[in-house]
Amino acid sequence: MTEFTPEWIEEARERIREHFQYEINKNTGCWEWTKSTSKGYGHLGIRGKFYQAHRLMWIITNGEIKDGLFVCHKCDNRLCINPDHLFLGTNLDNINDAIEKGKWQHQPKGEKNGNAKLTKNQVLNIKHLVSNGIPTKTISEKFNISQRHVQYIAKNKTWKHLINGVG
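Per the numbering used here, the very first residue in the sequence shown carries number 13; after that it's consecutive.
Set out below in structure tokens:
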């Protein structure tokens, strides 16, 4: 991340001093961001680009964040910017942390997902029809779904867990 030059970090420190407003939660020790938020996280603009507040706090406290790493919360409070409550981890580390704390909300696959329009058997039938050269338009009309939906099923972009009819 070449954008985080010493000059940029100093500017970020100044912006943080000017704009970081937080309240300390006496029960948790969290420094809770009180300014603008996005998706539950505090955020702040620097040089025309927005950054998550906890990531900025990590950068000015600890330095750059290597590609592929996340700034995770030990406290599970998205608004917290307390450097002592933050740690670096991979996406898998973040997921494992959530699982260990009972916070992981896994989406059910296939027809168990509340948004599913098809059953497992219908999807397997669609895969069979596609493999036999039946046009996606014909299949989409038969199952009352879009042609794109048929294509996604055929290319395993959706219903991935049913590869080769297993799942």
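Cβ atoms here follow ideal geometry from the backbone N, Cα and C, with glycine treated the same way.
Could you give the DSSP three-state label for residue i: helix, strand or coil?
{"i": "phenylalanine 99", "result": "strand"}
{"i": "leucine 56", "result": "strand"}
{"i": "glutamine 163", "result": "helix"}
{"i": "serine 50", "result": "strand"}
{"i": "glutamate 15", "result": "coil"}
{"i": "lysine 78", "result": "coil"}
{"i": "lysine 61", "result": "strand"}
{"i": "tryptophan 70", "result": "helix"}
Who are the Cβ neighbours of residue i in its own chain at under 7 Å, not counting the five residues just before and after it?
{"i": "glutamine 5", "result": "The first residue shown for the chain is 13 and the last is 179, placing residue 5 beyond what the model contains."}
Between the C-alpha atoms of residue i and residue j, what's the straight-line distance to the nearest angstrom?
{"i": "lysine 154", "j": "isoleucine 107", "result": "39 Å"}
{"i": "methionine 69", "j": "valine 142", "result": "51 Å"}
{"i": "glycine 101", "j": "asparagine 89", "result": "16 Å"}
{"i": "asparagine 168", "j": "glycine 80", "result": "25 Å"}
{"i": "glutamate 30", "j": "lysine 113", "result": "35 Å"}
{"i": "tryptophan 171", "j": "isoleucine 165", "result": "6 Å"}
For residue i, collect the residues of the same chain with a Cβ closer than 8 Å to its Cβ; drop the 5 residues on either side in sequence, then sort them by chain order.
{"i": "glutamate 123", "result": "Leu130, Thr131 and Lys132"}
{"i": "alanine 128", "result": "Gly122"}
{"i": "serine 48", "result": "Gly54, His55 and Leu56"}
{"i": "isoleucine 28", "result": "Leu56, Leu68, Met69 and Ile72"}
Identify the residues that DSSP records as bridge partners of residue i: which are they?
{"i": "glutamate 45", "result": "Per the sequence shown, residue 45 should be read as tryptophan rather than glutamate. Tyr34."}
{"i": "cysteine 87", "result": "The partner list for cysteine 87 (beta bridge, DSSP) is empty, contrary to what the question assumes."}
> Are the stretch 61-77 and the stretch 22-29 touching, with three or more C-beta to C-beta distances below 8 Å?
Replying inline: yes
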